[in-house]
Amino acid sequence: MADMPLQDALQKIKDAGYDGVEYGCPLHDPIRPVFMELAGKLDLAVVAQQYDASGNNFAAYAHSLEAHLRYLASFKPLFINSQTGRDFYTMEENIALIQLAASIEQETGCRIVHETHRGKFAYSAATTVQYINNVPALQLAGDFSHFCVVSESYLEDQLASMERIIPHVHHLHARVGHPQGAQVTDPRLPEWKYALDAHLRWWDAVIQVKLAAGAGYFTITPEFGPAPYMATAPFTQQPVANQWDINVYMSRLLRDRYASIL
Numbered sequence: 000m001a002d003m004p005l006q007d008a009l010q011k012i013k014d015a016g017y018d019g020v021e022y023g024c025p026l027h028d029p030i031r032p033v034f035m036e037l038a039g040k041l042d043l044a045v046v047a048q049q050y051d052a053s054g055n056n057f058a059a060y061a062h063s064l065e066a067h068l069r070y071l072a073s074f075k076p077l078f079i080n081s082q083t084g085r086d087f088y089t090m091e092e093n094i095a096l097i098q099l100a101a102s103i104e105q106e107t108g109c110r111i112v113h114e115t116h117r118g119k120f121a122y123s124a125a126t127t128v129q130y131i132n133n134v135p136a137l138q139l140a141g142d143f144s145h146f147c148v149v150s151e152s153y154l155e156d157q158l159a160s161m162e163r164i165i166p167h168v169h170h171l172h173a174r175v176g177h178p179q180g181a182q183v184t185d186p187r188l189p190e191w192k193y194a195l196d197a198h199l200r201w202w203d204a205v206i207q208v209k210l211a212a213g214a215g216y217f218t219i220t221p222e223f224g225p226a227p228y229m230a231t232a233p234f235t236q237q238p239v240a241n242q243w244d245i246n247v248y249m250s251r252l253l254r255d256r257y258a259s260i261l
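Read in order, the letters of the sequence shown are residues 0 to 261 in numbering that gives the first Met the number 0.
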């Protein structure tokens with residue numbers, strides 16, 4: 000869809016039955032206000048994604064993160080999903096970043112959740128539990144595919160960690176990972192049934208927690224990505240599956256699965 004006019008792309012998303020979009024763009028990109036206006040006209044909710052914060056030292060990174068979060072909050076999205084911190088920062092440094100985000104949330108009124116993601120502070124299940132122990136109000140976006148590849152498992156031996164993490168998840172990325180990668184080639188294939196079922200169990204548990212808490216809705220982004228997330232054929236570099244079709248499949252699978260309870 001990158002080669003489509005923005006309005007046409009958003010209309011295609013709306014026509015496919017989506018209620019919203021999760022979107023990230025560079026700091027001060029002129030497309031952001033246009034995007035928000037067009038999404039609003041189509042009644043598409045917008046989750047703002049932050050993944051561009053950078054810096055060659057902690058202070059520079061913290062400054063960059065603050066600038067990105069404040070910029071995104073100014074557009075009043077439904078909430079911000081932030082890929083926060085670095086896996087090599089100390090726990091104290093990453094907690095300082097979490098606290099920075101919390102202060103921006105309090106100031107702006109825009110919720111900020113932190114994605115479980117390789118390379119960030121919440122890169123593994125066990126490490127994420129340590130942050131929960133230190134920041135009991137920690138809000139997460141659960142992309143459990145990253146936990147699979149980091150641990151080279153489907154977390155069969157980390158059930159206690161997942162039980163601690165799930166109540167802190169306020170948003171989900173519906174990508175299916177496996178022990179050697181963050182994205183299966185196609186979740187519709189029988190060879191990936193075990194992987195899909197593992198993720199469905201985690202997602203079901205998140206939904207049950209939210210229902211028990213009285214939530215009236217819950218946001219899930221089908222997030223099967225293009226190459227290099229999507230496997231490609233040798234030499235031609237053609238994707239082995241259709242990214243759009245897979246995400247629509249995941250959207251409909253989960254909508255049907257949870258329609259009767261949400």
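Even for Gly, the Cβ is constructed at its ideal location relative to N, Cα and C.
{"Query": "Give a yes or no on contact between the region 140-153 and the region 168-183, applying the rule of three or more CB pairs nearer than 8 Å.", "Result": "yes"}
{"Query": "Helix, strand or coil, according to DSSP, for Val247 in the structure here?", "Result": "helix"}
{"Query": "Sorted by chain position, which residues of the same chain lie with C-beta nearer than 6 Å to Ser63's C-beta, five sequence neighbours on each side aside?", "Result": "Ala52, Ser53, Gly54"}
{"Query": "Mind checking if Val205 is an interface residue toward chain B, Cβ cutoff 7 Å exclusive?", "Result": "In the structure shown, chain B cannot be found, because there is only a single protein chain."}
{"Query": "Taking the alpha-carbon positions, what's the Arg256 to Phe217 distance?", "Result": "13 Å"}
{"Query": "Give the DSSP-derived three-state secondary structure of Gly39 in the structure shown.", "Result": "helix"}
{"Query": "Reducing DSSP to helix, strand and coil, say where His145 ends up.", "Result": "helix"}
{"Query": "Would you mind working out which of Ala197, Leu37, Glu190, Pro186 sits nearest Asp244, comparing C-alpha positions?", "Result": "Pro186"}
{"Query": "Looking only at its chain, what residues have a beta carbon closer than 8 Å to the beta carbon of Pro222, apart from the 5 residues adjacent to it on each side?", "Result": "Note that residue 222 is Glu in the sequence shown here, rather than Pro. Taken in chain order, the residues that qualify are Glu21, Asp142, His172, Ala173, Arg174, Asn246."}
{"Query": "Mapping the DSSP letters down to three states, classify Glu155 as helix, strand or coil.", "Result": "coil"}
{"Query": "From what residue to what residue does the beta strand (DSSP E) around Val20 run?", "Result": "19-22"}
{"Query": "Take Arg254 as the anchor and find which of Thr220, Leu26, Met90, Trp191 has the nearest alpha-carbon.", "Result": "Thr220"}
{"Query": "Write down the C-beta distance between Tyr228 and Ala194 rounded to the nearest angstrom, noting that I regard them as a contact closer than 8 Å.", "Result": "Their Cβ separation, rounded to whole angstroms, is 14 Å, which puts Tyr228 and Ala194 out of contact at 8 Å."}
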